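**Q** Numbering (this note's numbering), first residue to last: 184 to 713.
Idealized CB from N, CA, C, for every residue including glycine.
Predicted model only: the values in this text are computed from it and were never measured.
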Amino acid sequence: MFLAIVCCLLWRLHISAGHFPRACASSQSLMEKQCCPVWEGDGSPCGRRSGRGSCQGILLSNAPLGPQFPFRGVDDRESWPSVFYNRTCQCSGNFMGFNCGNCRFGFGGLNCTEKRLLVRKSIFELSVSEKEKFLAYLTLAKHTISPDFVIPIGTYGQMKNGSAPMFKDISIYDLFVWMHYYVSMDTFLGGSEIWTDIDFAHEAPGFLPWHRLFLLLWEQEIQKLTGDENFSIPYWDWRDAKDCDICTNEYMGGSHPANPNLLSPMSFFSSWQIVCSRLEEYNSRQVLCDGTPEGPILRNPGNHDKSKTPRLPSSADVEFCLSLTQYETGSMDKAANFSFRNTLEGFANPLTGIADASQSSMHNALHMYMNGTMSKVQGSANDPIFLLHHAFVDSIFEQWLRRHRPLQEVYPEANAPIGHNRDSYMVPFIPLYRNGDFLISSKDLGYDYSYLQDSDSDIFRKTIEPFLEQAVRNWPWLVGAALVGAVLTTVLAGLSRLLCYRKKKEITEEKQPLLMEKEDYHSLLYQSHL
184 MFLAIVCCLL WRLHISAGHF PRACASSQSL MEKQCCPVWE GDGSPCGRRS
234 GRGSCQGILL SNAPLGPQFP FRGVDDRESW PSVFYNRTCQ CSGNFMGFNC
284 GNCRFGFGGL NCTEKRLLVR KSIFELSVSE KEKFLAYLTL AKHTISPDFV
334 IPIGTYGQMK NGSAPMFKDI SIYDLFVWMH YYVSMDTFLG GSEIWTDIDF
384 AHEAPGFLPW HRLFLLLWEQ EIQKLTGDEN FSIPYWDWRD AKDCDICTNE
434 YMGGSHPANP NLLSPMSFFS SWQIVCSRLE EYNSRQVLCD GTPEGPILRN
484 PGNHDKSKTP RLPSSADVEF CLSLTQYETG SMDKAANFSF RNTLEGFANP
534 LTGIADASQS SMHNALHMYM NGTMSKVQGS ANDPIFLLHH AFVDSIFEQW
584 LRRHRPLQEV YPEANAPIGH NRDSYMVPFI PLYRNGDFLI SSKDLGYDYS
634 YLQDSDSDIF RKTIEPFLEQ AVRNWPWLVG AALVGAVLTT VLAGLSRLLC
684 YRKKKEITEE KQPLLMEKED YHSLLYQSHL
């Protein structure tokens, strides 16, 4: 059944989205610093003739940065994407994409007017056919070259400032692996010098928005690749887990019987080759990952350094994390205390909220627990468990947003580490997205989580339904009380009007003097008002 699904899908036309549009990888585009590809629907750049968008200059944020990165002008990712382009497509209304050919998250249809809401389910809630489709889609993405996007295999300087482009084809799945590598790689300072204290997607406020966008784009590309508009990423609820219950051949692959560091040959993931995992080699050669295969997925869950990660996260850990009211605090990096982001990411103790460099908890704990490919930041997205794990992390982020309902101003506007300010564009995405734009409910982005839907109904049941039930039980008394009140009100109003009429008649019949004493005047006023 699984092979049948894959074979059928391979006959489809594929359209992907990701980093550098192929149409913008020419020397002309790089020299002109313009990425405004034609939308095939009307043959104009950015779909301008159809009102989808237009080619415009990029407005960069001038907000000051934190002290973590003391250099300027040495990294292609600074002030993204201005090193490569200063003009891109700015889409209108519900249109989105590098050429405004897609719909904004949460919308569909030919003109992007149809509101949509997908539900991400636990991987254990998937039916057999849904699970087989998910695994087939992963395999298809791994083996389908992206027709629309390429990856740079050299820095802008190595490309001679755009006059000698260096780009390479890559599969749809590995494109996203490359993006996760590129956003977290070290900075080349020349020679053999590097700067390691830099990451445009981790250890700072942008961690949650960046991975939320990453999952949304991945989900959208699978939908387009397969034609399955209802596809959504499943999640793995790892709260209180005693072991890796998805690490079986039925799901994400069991262990090899002869080598526990490898996947079972019965798992189709055992044939996968990883990319972008040799950071030390890239740093020593001052080169970028070029997508060359580097060996099989490594995974040995539970055989990790337990002194640093003694256990997997518990329900109590998650609940404490959700109780933290501040999204970001202090230095806004991995040393931040009482920060919801830093605690969920795993750099702060989930029982106290105090930063602790000696421990890896929450999100980080799962990466350490897998004890393999997923345990190194740059190459961690090679393991497909990465998707399920981050979908659940995003669901915790969504719970926090619903509980605290923060304004966008909660996200730091300035002084965050480089790339993490509110109005900074997220590396390395084209089209452009700002960090602060994703501090909103997932429902506004077109998706929800199955267990959060249940919790919403639980809240209604626990808070509203008891009052409604009590009202139903007491409705005869309530109706009777309302009728009695109405009758009494009518009687009292009638008596009041009658008394006022009689009093007024008495006053008008009396002969009043032309001038009255002050006391008499006030008395008359009082009686008239009465």
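(1) Smallest Cα separation from Asn285: which of Leu471, Arg235, Pro496, Thr535?
(2) Among residues of its own chain, excluding the 5 on either side of Ser453, which ones have a beta-carbon nearer than 8 Å to its beta-carbon?
(3) Tell me, which residues are paired with Trp222 by DSSP?
(4) Hey, is the segment 240-258 in contact with the segment 201-208, meaning 3+ C-beta pairs nearer than 8 Å?
(5) Using the DSSP secondary-structure output, state which residues sit across from Asn285 in a beta bridge.
(6) Could you give the DSSP three-state label for Leu309: helix, strand or coil?
(7) Secondary structure at Phe254, three-state DSSP: helix, strand or coil?
(8) Which value, in whole angstroms, describes the spacing of the CA atoms of Gly619 and Pro589?
(9) Contact defined as beta carbons within less than 8 Å: I believe Ser312 pairs with Tyr418. What is the distance between those atoms, to the nearest angstrom?
(10) Give the DSSP-derived three-state secondary structure of Pro479 in the structure shown.
(11) Note the first and the last residue of the continuous beta strand (DSSP E) segment covering Tyr632.
(12) For Arg482, does the count of other Cβ atoms within 10 angstroms reach 16, so buried, or fall short, so exposed?
(13) When we look at the beta-carbon of Phe569 and count the other beta-carbons within 10 Å, is it buried (16 or more) or exposed?
(14) Cα separation between Met612 and Leu309?
(15) Taking Val333 as part of the alpha helix (DSSP H), name the residues at either end of that continuous run.
(16) Tell me which residues share the same chain as Gly485 and place their Cβ nearer than 8 Å to its Cβ, disregarding the 5 neighbours each side in the sequence.
(17) Which residue comes first and which comes last in the beta strand (DSSP E) that contains Leu507?
(18) With a 10 Å radius around its C-beta and 16 neighbouring C-beta atoms as the bar for buried, classify Gln636 as buried or exposed.
(19) Going by DSSP, what residues sit across from Trp737 in a beta bridge?
(20) Using a 10 Å radius around the Cβ and a threshold of 16 neighbouring Cβ atoms, would you call Ile647 buried or exposed?
(21) Would you grab the beta carbon distance between Gly602 and Gly256 for me? Rounded to a whole angstrom, and I think it's under 8 Å.
(22) Considering just the uninterrupted stretch of the beta strand (DSSP E) at Val302, what are its terminal residues?
(23) Counting Cβ pairs, one atom from each stretch, are 3 or more of them under 8 Å apart for the segment 465-479 and the segment 363-378?
(24) Based on DSSP bridge pairs, tell me the residues matched to Cys274.
(25) Taking only three categories from DSSP, how would you classify Gln217?
(26) Just checking my contact of Arg303 with Phe383 at CB under 8 Å: how many whole Å lie between their CB atoms?
(27) From what residue to what residue does the alpha helix (DSSP H) around Thr526 run?
(28) If we ignore side chains and look at the alpha-carbon of each, how far apart do Ser490 and Glu528 end up?
(29) Rounded to the nearest angstrom, what separates Val366 and Val610 at their Cα positions?
(30) Are the beta-carbon atoms of His573 and His385 separated by less than 8 Å?
(31) Could you have a look at Ser563 and say whether DSSP puts it in helix, strand or coil?
(32) Indicate the three-state DSSP secondary structure (helix, strand or coil) for Leu158 in the structure shown.
(33) In angstroms, rounded to a whole number, what distance separates the CA positions of Leu391 and Arg270?
(34) Compute the Euclidean distance between the alpha carbons of Ile353 and Pro493, then round it to the nearest angstrom.
(35) Using a Cβ cut-off of 8 Å (strictly closer), state whether Lys407 contacts chain B.
(36) Could you tell me which residues DSSP pairs with Phe290 in its beta bridges?
**A** In short, the structure shows the following:
(1) Indexing the sequence shown from 1 puts residue 285 at position 102. Answer by Cα proximity: Arg235.
(2) As a working mapping, residue 453 is identified with position 270 in the sequence shown. If we look at Ser453 and ignore the five residues flanking it on each side, its Cβ neighbours are Gly436, His439, Leu445, Leu446, Ser447, Pro479, Ile480.
(3) Numbered from 1 along the sequence shown, position 39 holds the residue referred to as residue 222. The partner list for Trp222 (beta bridge, DSSP) reads Ser227.
(4) no
(5) Translated into positions along the sequence shown, residue 285 becomes position 102. Bridge partners of Asn285: Met279.
(6) As a working note, residue 309 is residue 126 in the sequence shown. Leu309 falls in the coil class under three-state DSSP.
(7) Counting from 1 along the sequence shown, the entry for residue 254 is found at position 71. The answer is coil: DSSP assigns Phe254 none of H, G, I, E or B.
(8) The sequence position of residue 619 within the sequence shown is 436, counting from 1. The sequence position of residue 589 within the sequence shown is 406, counting from 1. Approximately 11 Å, taken between the alpha carbons.
(9) Indexing the sequence shown from 1 puts residue 312 at position 129. Indexing the sequence shown from 1 puts residue 418 at position 235. Contact doesn't hold; Cβ gap of about 19 Å is too wide.
(10) Reading the sequence shown from its first residue, position 296 is the one you call residue 479. Pro479: strand per DSSP, three-state reduction.
(11) Counted from its first residue, the sequence shown places residue 632 at position 449. Note, Tyr632: beta strand (DSSP E), 630-632.
(12) The sequence position of residue 482 within the sequence shown is 299, counting from 1. Buried is the call here.
(13) Along the sequence shown, read from residue 1 onward, the residue named residue 569 stands at position 386. Phe569 comes out buried.
(14) The residue labelled residue 612 in the question sits at position 429 within the sequence shown. The residue labelled residue 309 in the question sits at position 126 within the sequence shown. It should be noted that the sequence gives Phe, not Met, for residue 612. Roughly 31 Å between the two C-alpha positions.
(15) Counting from 1 along the sequence shown, the entry for residue 333 is found at position 150. Where Val333 is concerned, there is no enclosing alpha helix (DSSP H), although the beta strand (DSSP E) it sits in stretches over 332-335.
(16) Looking up residue 485 in the sequence shown gives position 302. Taken in chain order, the residues that qualify are Asp426, Cys427, Tyr552, Asn554.
(17) Start at 1 with the first residue of the sequence shown, and residue 507 comes out as number 324. No beta strand (DSSP E) holds Leu507; DSSP gives it neither H nor E.
(18) Counted from its first residue, the sequence shown places residue 636 at position 453. Exposed, since its Cβ has fewer than 16 Cβ neighbours within 10 Å.
(19) A query on residue 737 cannot be resolved here, the shown segment of the chain reaching from 184 to 713 and no further.
(20) Walking along the sequence shown from the start, residue 647 turns up at place 464. Confidence is the limiting factor: at Ile647 the pLDDT is only 47, short of 50, which leaves the residue's position unreliable, though a coordinate-based value still follows. Exposed, because fewer than 16 other Cβ atoms sit within 10 Å of the Cβ of Ile647.
(21) If you number the sequence shown from 1, residue 602 lands on position 419. If you number the sequence shown from 1, residue 256 lands on position 73. At roughly 15 Å, the Cβ-Cβ gap does not stay under 8 Å, so Gly602 and Gly256 are not in contact.
(22) As a working note, residue 302 is residue 119 in the sequence shown. Its beta strand (DSSP E) spans residues 301-303.
(23) yes
(24) Along the sequence shown, one-based indexing puts residue 274 at 91. Gly236, per the DSSP bridge assignment.
(25) As a first step, residue 217 must be located in the sequence shown, where it is residue number 34. Strand at Gln217.
(26) As a first step, residue 303 is located in the sequence shown; it is residue number 120 there, counting from the start. As a first step, residue 383 is located in the sequence shown; it is residue number 200 there, counting from the start. Not confirmed; about 25 Å, so no contact.
(27) Position 343 of the sequence shown holds residue 526. Start and end: 523-528.
(28) In the sequence shown, the residue the question calls residue 490 occupies position 307. In the sequence shown, the residue the question calls residue 528 occupies position 345. Using only the alpha carbons, I get a separation of about 18 Å.
(29) Residue 366 sits at position 183 when you count from the first residue of the sequence shown. Residue 610 sits at position 427 when you count from the first residue of the sequence shown. Between Val366 and Val610, the C-alpha separation is close to 6 Å.
(30) The residue given as residue 573 occupies position 390 in the sequence shown. The residue given as residue 385 occupies position 202 in the sequence shown. Contact flag unset, no.
(31) By one-based count along the sequence shown, residue 563 stands at place 380. Three-state DSSP puts Ser563 in a helix.
(32) Nothing can be reported for residue 158: it is not among the residues displayed for the chain, which extend from 184 to 713.
(33) Position 208 of the sequence shown, counted from the first residue, corresponds to residue 391. Position 87 of the sequence shown, counted from the first residue, corresponds to residue 270. Distance between the alpha carbons of Leu391 and Arg270: 27 Å.
(34) Position 170 of the sequence shown, counted from the first residue, corresponds to residue 353. Position 310 of the sequence shown, counted from the first residue, corresponds to residue 493. Between Ile353 and Pro493, the C-alpha separation is close to 38 Å.
(35) Among the protein chains of the structure shown there is no chain B, as only one such chain exists.
(36) By 1-based counting over the sequence shown, the position of residue 290 is 107. Its beta-bridge partners are Lys298.
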